[in-house]
Every structure is written in structure tokens, then in C-alpha cells.
Ligand code: SF4
Ligand code: SF4
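Residue numbers (our numbering), protein chains in the order written: chain A, 77 to 510; chain B, 2 to 383.
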């Protein structure tokens, strides 16, 4: 079985360097796009150099208190990011090859590709060197793979678990207590004690990052939307990869300033913004050119997505002296985490988002391997139509594998979708058209 | 062909037609409520203590054709939840006053949300099922159970007291004890019941008032003793994996000159396993039993205990081969597949892996593979 096309960490570093240089030279891109690639490069290079720097690497899923890792010199390697980044840097052949290798070990094809990609790369010895696995129950059933693969490759693992109703007093106390156990696990693995003063500093930086994210949201909500596709994932990645670091703050500060300048000058992502699109699940990781294509062909600007949405006001810094309590609360409000509550709740969050960002249509990527998505997609679609009059296009896709659905098929669905929106009463009313 | 048991026929009669059986109709006619439950982390004892009938929401022996369900739950969800939802759409579960599910897997959690959104029942609830089997998990589950008891009490406008729960525990413990006696009998060289019949018994336990079930179970054990019935089949099988409620699927395997002597299903051996400790305060006893008191299942992150348990049952029941069936899109089972195969190979136990659509009969391909598997078992025995 071929392993030639599998992305390696060295190749990724190279690709990100080239992308950064390309972004600097290409006219018409947002200035922040080079810094965006720089931030992502920093993240990958930190993983590559961890051992030399005397640090550890934890491969992990979502809902992780990464600030704890940062304070303990542990560098996170986020499996969803690792799955998407090969596609985003143009190495589209890597994921399908990793998925075939995973299948050859007996892992069923119906499992989410993020995890099959992880499985396949691990089996081929191409996953970044890892000291331990970290995960959480509230992500999805696939996190079981961390324990399974940990046993297979002799890598210790720790899982956090959370109640179905996370906001009850006892559930929040339990969640915070899980963080204490998490720290105990890390202390045991690394032989290092947690420095709580350092943790407080990291948590304060992370809170600043949240504030910046929210400021950026306010700017992106402007009409026309000032955010272009090349920087679209910047906020999500800053929050998901490097919270509690100065690098992430520097990047979001630059992005915020550039967006502010664009808003002040009335510069939009495109000249004639015809549609404002909301991704009611995740953005199309499997096809990195789709967002630009939508802008060019339909004048459809991508303004928001479910994974980038903070819940409520997101004032999670309750007590600066209680970093664990703050973090426990943060993960319940953090972008994407609402996905792991009821579909009705997710839909309510998306409707708030639709109103804030003044969206005309939603696109729901129904990831073949995602069972949580498969069963709340229809609720989200119906609730968004009922509450905010926003119609949904559902694309049945695989989150990483571009070969799952043809581009022609997606384009033909989009043609009809945007035509339908344009002729709808709600769209005309939003734009004061007759 | 062995003579059918009268008692088992009576159990089937009392639970027919499915799902709104004559028993359910009688129950409701007397003004009492029926609460559906969806997975093994819902303590039936608490529903029973509230004077309501706990009823497991499942499919049954007839495959259910999808006629609309996939507009609410996309087809890349497991066919068990789609089957249950289709039955709801068909009006078959209209008799339920409530539904309780748990976040044991993503899909049962989502089924209850779809139900709550499109067909809200007077009482709907969810309980988290801990993935870690430890004291912290017990305490989390206990507090969640207390919240659940309070919400259910509020629905009834009547507190469900500890004494009632203690009484229900005794009744359910008796049921488990009787079901376990049947498992013990299946260790015999010539077991008295087929695997298909044993699943019918478990289904009756999940659909009948438990007192009535217990009486019938006593009768069945008595009838087994009186008749001395024996199943004479050369190969002994174990079924592992998802719950099968279509007993025809099991009967089809047994038609290949084999008998299923044990399983590792939630509706099977785990449903009959162990006892809730009656010396502890009842809510704590339930929490300990449901989190730690039964064999490790596939939703537990650490599957070592599950694989170990399967290996032990193979030895105790002298199993010749394992049939591992997975309902397509069941993530947990998917992740255990590799290690199950590896560990059973290390123990020298042949394993047949089948991917099934929940409730649907095996296709021609599966039949051919099953026949080949039986032949292989036969050649090993020579
Ligand atoms: S896309 Fe769905 S299945 Fe995949 S990791 Fe995320 S929640 Fe899990
Ligand atoms: S078959 Fe698997 S995925 Fe489906 S409800 Fe059962 S445990 Fe959940």
C-alpha cells in the first residue's frame, strides 16, 4: 500500500513557508494572510521542535483546555487540524491515502475521516511524534479511538468527561474536577509540577484572545463583510491552536486592525456582495477553493460558521484567581463546543449568529462520518427557516476526502440554491428589493 | 425440531402485537403511564418505582422500511435509531407518555433530540452514561440520577421515595437472577433453549411489567426442568456486538447446525448480570450497579475489560466460534474491531465479522460467509 502521498511534518512546514511567501506576493490578498500562515507555521514548528526544546507533545481532540498544556510545556497536536491542513495547503492526495491505510487495518469506513486520517497516518508511522493522547467525552464517540490507538501504540491517554447537562452546579464542579485529574495525569507523565502562577498568566492571555475574537466578529458582521477567504479561518485557528500565547494575540490584533481599517474604508471581501453565507456546520475543509469560488461566481461571501461561534456573551473570566474554574467555564462557551449539546440548542445558537451576521443562506456540510451532525442537520435546517427565515443547502460530503462528492455536483447544487435565495421574499425584504 | 415452550409462547403473546401489545393496552386502559427507554444506562427501577411501565424502544422481528425517517435523520446515522424513528413516524410509538435516553452514544442522544423537536412527549429526559468506570464516574452518574429522579417526580407531582426504589430494586434483582439461571442452563452440553429463544425472553423482560415477567420466568424455568428439552447442535456460538432485536437473524445462524449459547449484548447477558446491592442506599446502589456492576461494554473508552469478558465467556460457555455483528455506523464497535479480532486470534477463537443493517435479514453474501465459517468450525473440530 502506497504511503508516498501522506503528508509529513517536514513537508507541511515547507508548504506553509511557501504559502506564506506566496501570500506576501499575491496582489489583492489581505495583509494579514501572511501572518496567518506564520501563526500556523509557528504551531507546526513548535510540534516539530518539541523534543529539542525540552517539551512534550499531546495529540488531542476538541474541548481541550490547551492553556493547561501551554503552562506545562506540552505542545498540542490537534487531530482535526492535522486532518484539514493537508487539504488546506493543497495536498489533497494525503487524506484519501491515509483513509485507505486505515481501512486496511479493519477500521470501518463509516468512522469520521478526522479519526481515520489519524489512524492511517499513525499506522504508517507518519503521525507527529506524540507523548500522550488527550480527549473528551463531549466531542463524539470517535474519541474512543484515542484509548484504542493508545493501547496499540503504547501511548498513555487521558479522557475528560462531561455531563449531558453541563451547566448544572454539580456538572460544572465535576468538569472542573476533571481538569484537576487532567493536570495530575500530565504531572505524572512529565514529572513536572503545574505552576499555577504561570497558568493564571496563560489564562489571562487566553481571555484577551477571546475578547479579540469577539471584536473581530463585530467587524465581520458589517455589510459589506470585510473578511476575505484567505484569512477566514484565522480566528478559529488562533483560538483552537494557540490560546494563551502571545503569537495568537499578535495575529488576531493585526487581523482586527486590518478589518477595522477595511470597515472604515468600506472595503468588502468583494465589490458586489450579493449573498452572505453561514456555514451551519464546518467550513469546506475538503475543498479549500470553494469559498473563493463562491465569491467569484455568486457574489456569496462567507461570513460565519458554527465552529467559530462563542456562546452568549462569553465572559468566561469569572475569577482571575481561579484559573481552572475559568477554563472549565470557557470550554463550555468556546467556539464549536455548542455542537456537543442538543441539536435544538445548536440551532438556537446558529439563529443568533444568523441575525448578528445578517446571513441570507446556510450551508450544512453533512460529513459522512459524523453521526452527531447527521442527526441534527434537519433540526438545524428547519429551525433556521422557522426562526430567522434562512434556508439551508445540505451538502453530503466527507470532511477531508475531496473525492467523496464531485465538484460539479456541488456547483450544480449551489446554482439552484443561490437562485432560490435570490427569488425569496426574505432575501428581498432584507435588501429592501421589490 | 424441538417442541416450543408454552411459557415462551405466552411471553410472545403478551408482548404482541409489537410494540403496543395487549399488555401495554391493558396497562394504559387502567390509567397508568408508559415511559420508553432507549439504552442500558436508564435505570428501569426508578421508572418502575414511579408506578410507570418502562418499555424499551427498539425494532422487532420485522425489518422496518425507511419511509420518511431519513428526512429527519440522515442515512449516515446508525440504522437502529432510524428504525426507531421510522416506527415513531408510523405512529407505532404513540402510546408513549415519555422517553428517556442517555448520552451513551452520539446517536441515541440525537434520537431523543429529534423526538423532542418533532414529536415532543409529555416527559423527555437524558442521562449521561460515564465512559470511565471509576468512583468519579459513579458520583457523576449518581448526581445525574438524583436530578433525573427530581425531574420525574416533578412530572408526576409526587416525590419518588427511596422506599419505592428499594422495592423496585428487589423486583428487578429477582428478574436478573431468574434470567441468569437461564444463562447457566445454556452452559450445558445440550442447552435447553436456542439463542433466538433466549433473546425473546430478554425482550419480554424489557416490555412487560417486571412482576409479571418474573412470574413467567419462574414458569419457564420450571417448564425447562419438567420437559428436559435439549438442543442437539454440534457447534456452539457466541454473538458479540450490537443488540439484535430481530430474533430471525439469530435463528438464521442457528439454522446452520449451530446454537448460540451466549452473547455479549446489552439486551442479553448484561441485562441478566449481577445484582444491585440492597444494603446500600437505593440511589447509590443503582449508580454503582449501572456504572460498575455489569460487564464492560463497548461505550467504555477502555475496552480491555470488554475484550477480557468476551474471552472469559468463551471459556465458560465452551464456545467454538464468535459471530461479531456491527450495526453499520456504530462508531464504538468500529473502534473495537481491530483489537477484538487480534485478541481472539491470540486466544485461538475463530471470529466471523458481519456488518448488518439493524433488523434486516442477512443478504446472500452474509449467508455464504456464515456457511463457510461453520464449515471451518467443523473442520477444526475434526
Ligand atoms: S466531525 Fe463529527 S465525528 Fe468528526 S470529530 Fe467532529 S464531532 Fe466527531
Ligand atoms: S447501534 Fe451503536 S450507534 Fe446505534 S444506537 Fe446502538 S450504540 Fe448507538
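Each residue gets a CB set at the ideal place from its N, CA and C atoms; glycine is no exception.
The region 128-141 of chain B makes no contact with the region 233-253 of chain B; the number of CB pairs closer than 8 Å stays below 3. Taking the beta carbon of residue 427 of chain A as reference, no residue of chain B falls within 9 Å; the closest one sits roughly 14 Å away. Distances between the C-beta of residue 407 of chain A and the heavy atoms of ligand 1 are all 8 Å or more.
Closest in C-alpha terms to residue 306 of chain B, from the list A:223, A:379 and A:77, comes A:223.
Residue 184 of chain A and residue 220 of chain A have their C-alpha atoms spaced approximately 14 Å apart.
Within the DSSP bridge table, the entry for residue 274 of chain B names no partner.
At a beta-carbon threshold of 9 Å, the residues of chain A lying near residue 115 of chain B are 419, 451, 452, 454 and 455, ordered along the chain. Apart from sequence neighbours up to five positions away, the residues of its chain that approach residue 215 of chain A with a beta-carbon distance below 7 Å are 137, 138, 139 and 416, ordered along the chain. Taken in chain order, the complete alpha helix (DSSP H) segments of 4 or more residues contained in the region 396-484 of chain A are 399-409, 419-433 and 447-464.
A Cβ-Cβ contact shorter than 9 Å links residue 379 of chain A with residue 352 of chain A. The shortest C-alpha to C-alpha distance from residue 302 of chain A to any of A:355, A:341, A:134 and A:369 is the one to A:341. Listed by position along chain B, the residues whose Cβ is nearer than 9 Å to that of residue 250 of chain A are 137, 140, 141 and 144.
In the structure shown, residue 242 of chain B adopts extended strand secondary structure according to DSSP, grouped into three states. Think of a sphere of 8 Å around the beta carbon of residue 312 of chain B: no beta carbon from chain A falls inside it, the nearest being about 15 Å out. Given a length threshold of 4 residues, each whole run of the alpha helix (DSSP H) inside the region 133-194 of chain A is given here in chain order: 142-147, 155-164 and 170-180. Ligand 2 approaches residue 112 of chain B closely enough that one of its heavy atoms is under 8 Å from the residue's Cβ. Of the residues B:256, B:359, B:324 and B:329, the one whose Cα lies closest to the Cα of residue 3 of chain B is B:256. Shown here, residue 97 of chain B sits in coil according to DSSP, grouped into three states, outside any helix or strand.
By the neighbour-count definition (other C-beta atoms within 10 Å, threshold 16), residue 87 of chain B is a buried residue.
By the rule that beta-carbons nearer than 9 Å mark a contact, residue 458 of chain A touches chain B. A buried status is given to residue 366 of chain A, since no fewer than 16 other beta-carbon atoms sit within 10 Å of its beta-carbon. With its beta carbon at least 9 Å from every one in chain B, residue 174 of chain A lies outside the interface. Less than 9 Å separates the beta-carbon of residue 328 of chain B from that of residue 357 of chain B. Shortest gap from the CB of residue 243 of chain B to any heavy atom of ligand 2: under 8 Å.
The DSSP-derived three-state label of residue 355 of chain A is strand. Counting of Cβ neighbours within 10 angstroms places residue 443 of chain A among the buried residues, the total reaching 16 or more.
Residue-level contact check: residue 240 of chain A touches chain B, since one or more beta carbons of chain B fall below 9 Å from its beta carbon.
Taking 9 Å as the CB threshold, residue 444 of chain A lines the interface with chain B. Ranking A:307, A:478 and A:158 by CA distance to the CA of residue 105 of chain A puts A:307 first.
A distance below 8 Å between beta-carbons, with the five flanking residues on each side excluded, links residue 155 of chain A to the following residues of its chain, in chain order: 135, 136, 137, 190, 191, 193 and 194.
For residue 371 of chain B, no Cβ of chain A is located within less than 9 Å of the residue's own Cβ. For the 9 Å CB-CB criterion, residue 169 of chain B and residue 57 of chain B do not form a contact. By the neighbour-count criterion, in which 16 or more other beta carbons inside 10 Å mark a residue as buried, residue 211 of chain B falls on the buried side.
In the DSSP assignment, residue 259 of chain B falls within the beta strand (DSSP E) that extends over 259-264.
Nearest C-alpha to residue 8 of chain B among B:261, B:147, B:181 and B:198: B:198. For residue 82 of chain B, the CB falls within less than 8 Å of some heavy atom of ligand 2.
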